[in-house]
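What follows is one structure encoded as structure tokens, with my remarks underneath.
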Amino acid sequence: MATTQKPLEAFAAAQNQMIDMVMENYDKFVDTFATDENGLRAGYALSKEYFTKMRELLNSMTTVDTPQAWTEAMMDVMQKSSDLNMEYSNKFMEMYKDFFNRFMPFNQN
5 MATTQKPLEA FAAAQNQMID MVMENYDKFV DTFATDENGL RAGYALSKEY
55 FTKMRELLNS MTTVDTPQAW TEAMMDVMQK SSDLNMEYSN KFMEMYKDFF
105 NRFMPFNQN
């Protein structure tokens, strides 16, 4: 008997595959260009943290089994991922502000 993937399982699987591809390319980029001075390793660590949390969020929503629960779970994923995006956007802004203050003296007031 064939098993069918639930919609959220399929969604999470597709998103996880995308995360894997992004991180694989980011791994190569950081290995090639990162130095202690340019801040790429710090950005990389923050990105990995973000993608790990996003993956956990996606995977936590795959156990529902009714259409109503799918809708509610998808709305929950959308809200939580929006919150996560805002949280990490702020973290990246702080990190880049520090980077520009250290390496772009003309940027300081």
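FYI, the numbering for the sequence shown is 5 to 113, going by the working numbering.
We treat Cβ as the ideally placed atom computed from N, Cα and C, and that holds for glycine.
Q) Should the segment 18-33 be regarded as contacting the segment 55-65, the criterion being three or more beta carbon pairs within less than 8 angstroms? A) With a cut-off of 8 angstroms, the segment 55-65 and the segment 18-33 count as touching, because enough Cβ pairs lie within range.
Q. Can you tell me the Cα-Cα spacing of asparagine 63 and glutamate 13, whole angstroms?
A. Locating residue 63 in the sequence shown gives position 59, where the first residue counts as 1. Locating residue 13 in the sequence shown gives position 9, where the first residue counts as 1. Roughly 8 angstroms between the two C-alpha positions.
Q: With a 10 Å radius around its C-beta and 16 neighbouring C-beta atoms as the bar for buried, classify methionine 22 as buried or exposed.
A: For this step, residue 22 is matched to residue 18 along the sequence shown. Residue environment for methionine 22: exposed (fewer than 16 other C-beta atoms within 10 angstroms of its C-beta).
Q | Segment limits, alpha helix (DSSP H) that includes alanine 46 | A | Indexing the sequence shown from 1 puts residue 46 at position 42. Run containing alanine 46: 44-64, per the alpha helix (DSSP H) assignment.
**Q.** Outcome for alanine 16 when other beta-carbon atoms lying within 10 angstroms are tallied against a minimum of 16
**A.** Against the sequence shown, residue 16 aligns to sequence position 12. Buried.
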